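First up is the structure itself, then whatever we jot down about it.
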Amino acid sequence: MIDWILQRRSIRQFQNKDIPEDRVTDLLKAAMAAPTANNVQDWEFLVVRSPEQRKALAEAHPYGKMCAQAPVVIVVIGDPTMKYMDQHCAAATQNILLAAASMGLGSVWLGMKDPERISGVTRVTGIPEGRLPVVMIPIGYPAEEKAPRTQYDPNKVWREQYGKR
Numbered sequence: 001m002i003d004w005i006l007q008r009r010s011i012r013q014f015q016n017k018d019i020p021e022d023r024v025t026d027l028l029k030a031a032m033a034a035p036t037a038n039n040v041q042d043w044e045f046l047v048v049r050s051p052e053q054r055k056a057l058a059e060a061h062p063y064g065k066m067c068a069q070a071p072v073v074i075v076v077i078g079d080p081t082m083k084y085m086d087q088h089c090a091a092a093t094q095n096i097l098l099a100a101a102s103m104g105l106g107s108v109w110l111g112m113k114d115p116e117r118i119s120g121v122t123r124v125t126g127i128p129e130g131r132l133p134v135v136m137i138p139i140g141y142p143a144e145e146k147a148p149r150t151q152y153d154p155n156k157v158w159r160e161q162y163g164k165r
């Protein structure tokens with residue numbers, strides 16, 4: 001039942017193969033199905049397909065070199081005035097990652113807490129003041145294969161009260 005969730009791995013190498021627009025729309029539908037407090041939906045999504053723009057994103061993020069190779073990069077954008085922006089954008093991001101895995105696509109989560117990453121991506125994308133790039137997600141057909149895995153660790157699970165197994 002959770003096999004496709006366990007198959008989701010961070011993929012950083014992509015085939016030179018485009019993703020159909022209806023698949024991208026499905027990824028965005030999955031993102032927007034994520035929960036938010038009071039259903040505020042305080043997110044926006046920037047879909048980047050142009051090779052020049054993806055290359056610029058790759059240069060703007062120190063760990064984002066794969067953006068140049070991925071046929072699609074989705075930038076998850078939040079409203080920093082909203083109390084739970086980080087959690088909302090994280091839930092939307094996870095939905096994209098899981099939906100991509102269920103479609104046979106590879107993806108990787110690139111965080112943006114560092115001010116230099118934020119300013120670089122903002123400069124490249126034209127995200128306006130009052131909005132914040134929270135995550136970039138390069139997506140494509142995997143050019144690498146990783147075995148499914150669980151990282152379940154019973155030593156990190158407590159029952160009823162912290163410190164009780």
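Residue 165, in the numbering used here, is where the sequence shown stops; the numbers in between run on with no holes.
Built from N, CA and C at the ideal position, the CB exists for glycine as well.
Predicted model only: the values in this text are computed from it and were never measured.
From the options, residue whose alpha carbon lies closest to that of residue i
i	options	result
glycine 130	Met136, Ile118, Pro138	Ile118
glutamine 69	Tyr141, Thr25, Val157, Lys146	Tyr141
glycine 111	Lys164, Gly120, Asp42, Met103	Gly120
isoleucine 96	Met66, His61, Arg8	Arg8
valine 124	Asp22, His61, Ile19	His61
methionine 66	Glu145, Cys89, Ile139	Ile139
glutamine 53	Asn39, Gln41, Asn38, Val75	Val75
tryptophan 109	Ala91, Ile19, Pro128, Thr25	Ala91
Alpha carbon of residue i to alpha carbon of residue j, nearest angstrom
i	j	result
phenylalanine 45	tryptophan 158	37 Å
tryptophan 43	proline 80	10 Å
valine 72	alanine 143	14 Å
glutamine 15	arginine 165	45 Å
serine 102	isoleucine 2	11 Å
proline 133	valine 47	12 Å
Endpoints, the alpha helix (DSSP H) within which residue i is located
i	result
tryptophan 212	In the structure as shown, the chain starts at 1 and stops at 165, and residue 212 therefore has no counterpart that could be examined.
glutamate 145	Element bounds for glutamate 145: n/a, residue is neither H nor E.
glutamate 52	51-60
Min CB distance residue i to chain D below 7 Å
i	result
leucine 105	No chain D appears in this structure, which consists of one protein chain only.
Buried/exposed call for residue i, threshold 16 Cβ in 10 Å
i	result
alanine 31	buried
alanine 100	buried
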